[in-house]
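Heads up: the sequence shown begins at 37 in the numbering used here, then just goes up one per residue. Single-structure report; data block below.
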Amino acid sequence: MQHAQHSIDVQYFIWGTDNVGKLAAEQLHRVAERGVKVRVLVDDMLIDAEDQTLVLLAAHKNVDIRIYNPNVVTQFRDINQRMHDKTAIFDGIAGITGGRNIADEYFDFDKEYNFRDRNI
């Protein structure tokens, strides 16, 4: 991520408000400060609205955050229309994909339970 020069595009189903979520947002903010264009797409279902991590990131002029299927709570027929993608693309030439979301339990940091999902 720190080597990106032009753009970073990320999409995730879950963006946690824990350590991993905050670290990822901070790193994206750092690269945006260098002039890198950052685009984030996250699913509406599992965003913790009380946390300001993504809100503060979205305030940066080089960051565009979009919510997939917003307001799902009020649209019951759409509740199962989820975006389970987990991808990061750097400068359009390198990428990461796999099963990991942006949350502690996907990176072996949770004290109680960790998933075995990995990325390539």
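Even glycine gets a Cβ: it sits at the ideal position worked out from N, Cα and C. Computed from a predicted structure; not experimentally measured.
Considering only residues of the same chain and omitting the five flanking positions on each side of residue i, which have a CB-CB separation below 7 Å?
i           : result
residue 75  : 45 and 100
residue 162 : It is not possible to answer for residue 162, since the shown part of the chain is limited to 37 through 156.
residue 151 : 141 and 142
residue 139 : 50, 52, 54, 56 and 57
residue 120 : 49
Going by DSSP, name the residue or residues bridged to residue i.
i           : result
residue 9   : Because the chain here runs from 37 to 156, residue 9 falls outside it and cannot be looked at.
residue 104 : 79
residue 125 : 45 and 131
residue 99  : 74
Is residue i helix, strand or coil when you go by DSSP?
i          : result
residue 89 : helix
residue 66 : helix
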